[in-house]
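*Asks:*
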Amino acid sequence: MKIALDAMGGDYAPAATVDGAVETVREYDDLEVILFGDESQLKKELKGKKYPSHCIHIRHTSQIIGMHESPVSALRKKKDSSIRRAVDAVKLKEADAVVSAGNSGVAMATALFVLGTSKGVDRPAIAAIMPTLKGLFVLIDAGANVDCKPENLLQFAVMGSAYCRTILHRQEPKVALLSIGEEDTKGNELTREAFKLLKEANINFTGNIEGKDVFSGEADVVVCDGFIGNVLLKTSEGLAEVIIKMLKREIEGQATGKLGYLLMKPALRNFKKKTDYAEYGGAPLLGINGTCIISHGRSSPRAIRNALRVAVELSRKKVHKIISEDIMGFHEKEKVFAKG
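In the numbering used here, the protein residues as written are 311 to 650.
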């Protein structure tokens, strides 16, 4: 198993990416990580670290893409960037998957341009794993598509169901559409039309779900456009961080603050772990011909390690092929339904 890592991508790269790669290869007997980036910087970061030498390789790249560069410009002018070369490695079958914590727009555009979409898929989508009171759920789309058609949301539901079934082991995932009310008449034109399509589709559609109920655990897959999905994702991340800080402040402000903090410390630690983006590593871009993991720009070594773990799991289970088969199977069923 070989994973291509955009070693220059992320706010803390290359230190965080290299550390994450080193930690990961120590865990697996059959994993190799290919670091794409500035060779001198990568060698400097690797110096003194203990790891199986045959498990980490360096591929020098002469260009780096900033977090604010446009995807169009990057694709045209920076063909020797770390993210481009890493994605190329998957295309050339030199790697089984690619992981990047760099410019997410460029990473998605590059994956789409180089690898292409799976047969039957109109638009790829980001599937983020998020916590609930009952476990985990899949949010799709978490940021790939700002503007969508109802048919896109239908495909997101099919891809999200396949991903949830394979990774979270839910045999018949409950799919819900994110809206401003439970009634099918609520929402904007996009959600109302998408509701009609989802209701008639061959999936376990449970109806609309409101934002306040997303984390209750009633749905296994929550479908929305990428604009709303990314707002939900970032809001939940920020809220979780603020809640922890507020709780600490309130506890420390009490007369028995130190004792209270000591008693609550394990619970706070568990809450932080469940709501920390680093715990989930990264989110796959579903619907492309390959495995591409988009990680948070603030990824720490721990986040990179978990992103690499996700890449390994998805590659071994061949999730991109399962999704392609499900999409094509869905289209065939829809044709039969239309005829009959």
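Using N, Cα and C, we set each Cβ at its ideal position, and we do this for glycine too.
As the structure is a computational prediction, the values presented were derived from the model and not from experiment.
If you run the structure through DSSP and keep just helix, strand and coil, what is Ala-593?
*Replies:* By one-based count along the sequence shown, residue 593 stands at place 283. Looking at Ala-593 - three-state DSSP - the assignment turns out to be strand.
*Asks:* Does the beta-carbon of Arg-626 have 16 or more other beta-carbons within 10 angstroms, so that it is buried, or is it exposed?
*Replies:* Here residue 626 corresponds to residue number 316 of the sequence shown, with the count starting at 1. Arg-626 is exposed by the Cβ-count criterion.
*Asks:* Could you tell me the distance, in whole angstroms, from the CA atom of Leu-507 to the CA atom of Val-448?
*Replies:* For this step, residue 507 is matched to residue 197 along the sequence shown. For this step, residue 448 is matched to residue 138 along the sequence shown. Taking the CA atoms as reference points, Leu-507 sits about 20 Å from Val-448.
*Asks:* Can you tell which of Lys-631, Gly-426, Asn-616, Lys-357 has its C-alpha closest to the C-alpha of Leu-315?
*Replies:* Residue mapping note: residue 315 aligns to position 5 of the sequence shown, counting from 1. Cα-wise, what sits closest to Leu-315 is Asn-616.
*Asks:* Between the C-alpha atoms of Ala-504 and Leu-557, what's the straight-line distance to the nearest angstrom?
*Replies:* Sequence index remark: in the sequence shown, residue 504 carries index 194 (1-based). Sequence index remark: in the sequence shown, residue 557 carries index 247 (1-based). Distance between Ala-504 and Leu-557, taken at the CA atoms: about 40 Å.
*Asks:* From the DSSP output, read off the bridge partner residues of Pro-381.
*Replies:* Here residue 381 refers to the residue found at position 71 when the sequence shown is read from its first residue. None; Pro-381 has no bridge partner.
*Asks:* With 16 other CB atoms within 10 Å as the buried threshold, where does Gly-591 fall?
*Replies:* On the sequence shown, position 281 is the one that residue 591 refers to. Gly-591 comes out buried.
*Asks:* Quick check for students: name the residue ranges of the beta strand (DSSP E) that lie wholly in the region 446–506, counting only runs of 3 or more.
*Replies:* 485–489
*Asks:* What's the call for Met-377, buried or exposed, on a 16-neighbour Cβ count within 10 Å?
*Replies:* Residue numbering aside, residue 377 sits at position 67 when the sequence shown is read from its first letter. The residue in question, Met-377, is exposed, as its Cβ has fewer than 16 Cβ neighbours within 10 Å.
*Asks:* Got a sec, what are the start and stop residues for the alpha helix (DSSP H) Val-524 sits in?
*Replies:* Here residue 524 refers to the residue found at position 214 of the sequence shown. Premise fails: Val-524 is in no alpha helix (DSSP H) and is neither H nor E.
*Asks:* Does the Cβ-Cβ distance between Ile-375 and Val-416 come in under 8 Å?
*Replies:* Here residue 375 is taken as the residue at index 65 of the sequence shown, counted from 1. Here residue 416 is taken as the residue at index 106 of the sequence shown, counted from 1. Val-416 is positioned such that its CB atom lies closer than 8 Å to that of Ile-375.
*Asks:* For Ile-450 and Ile-368, I'd like the C-alpha separation in whole angstroms.
*Replies:* For this step, residue 450 is matched to residue 140 along the sequence shown. For this step, residue 368 is matched to residue 58 along the sequence shown. Distance between the alpha carbons of Ile-450 and Ile-368 is about 33 Å.
*Asks:* When burial is assigned at 16 or more other CB atoms within 10 Å of the CB, is Ala-648 buried or exposed?
*Replies:* Position 338 of the sequence shown, counted from the first residue, corresponds to residue 648. Interpretation of Ala-648 is limited by its pLDDT of 40, a score under 50 that renders its predicted location unreliable; the figure taken from the coordinates is listed afterwards. The residue is exposed, with fewer than 16 neighbouring Cβ atoms inside 10 Å.
*Asks:* So within the region 362–446, which uninterrupted beta strand (DSSP E) runs reach at least 3 residues, ignoring any that extend past its ends?
*Replies:* 366–370, 407–410, 435–442
*Asks:* What would DSSP say about Leu-341, mapped onto helix, strand or coil?
*Replies:* Taking the sequence shown and counting its residues from 1, one reaches residue 341 at position 31. If DSSP states are grouped into helix, strand and coil, Leu-341 belongs with coil.
*Asks:* If you compare alpha carbons, which of Gly-330, Val-524, Asp-432, Ser-380 is closest to Val-343?
*Replies:* For the purposes of this step, residue 343 is taken as residue 33 along the sequence shown, with counting starting at 1. The shortest Cα separation from Val-343 among Gly-330, Val-524, Asp-432, Ser-380 belongs to Gly-330.
*Asks:* Indicate whether Leu-487 and Pro-460 have their beta-carbon atoms separated by less than 8 Å.
*Replies:* Looking up residue 487 in the sequence shown gives position 177. Looking up residue 460 in the sequence shown gives position 150. The answer is no: Cβ separation not under 8 Å.
*Asks:* Pairs of beta-carbons, one from the region 430–437 and one from the region 573–584, closer than 8 Å: are there three or more?
*Replies:* They do not touch, by the three-pair rule.
*Asks:* From Ser-392 to Ser-350, what does the alpha carbon distance come to, in whole angstroms?
*Replies:* Residue numbering aside, residue 392 sits at position 82 when the sequence shown is read from its first letter. Residue numbering aside, residue 350 sits at position 40 when the sequence shown is read from its first letter. Cα to Cα, Ser-392 sits roughly 14 Å from Ser-350.
*Asks:* By alpha-carbon positions, which one of Asp-398, Leu-352, Ser-546, Phe-346 ends up nearest to Pro-441?
*Replies:* One-based indexing of the sequence shown puts residue 441 at position 131. It is Ser-546 whose Cα lies nearest to the Cα of Pro-441.
*Asks:* So what does Ala-314 bridge to, in DSSP terms?
*Replies:* One-based indexing of the sequence shown puts residue 314 at position 4. Bridge partners of Ala-314: Ile-344, Val-408.
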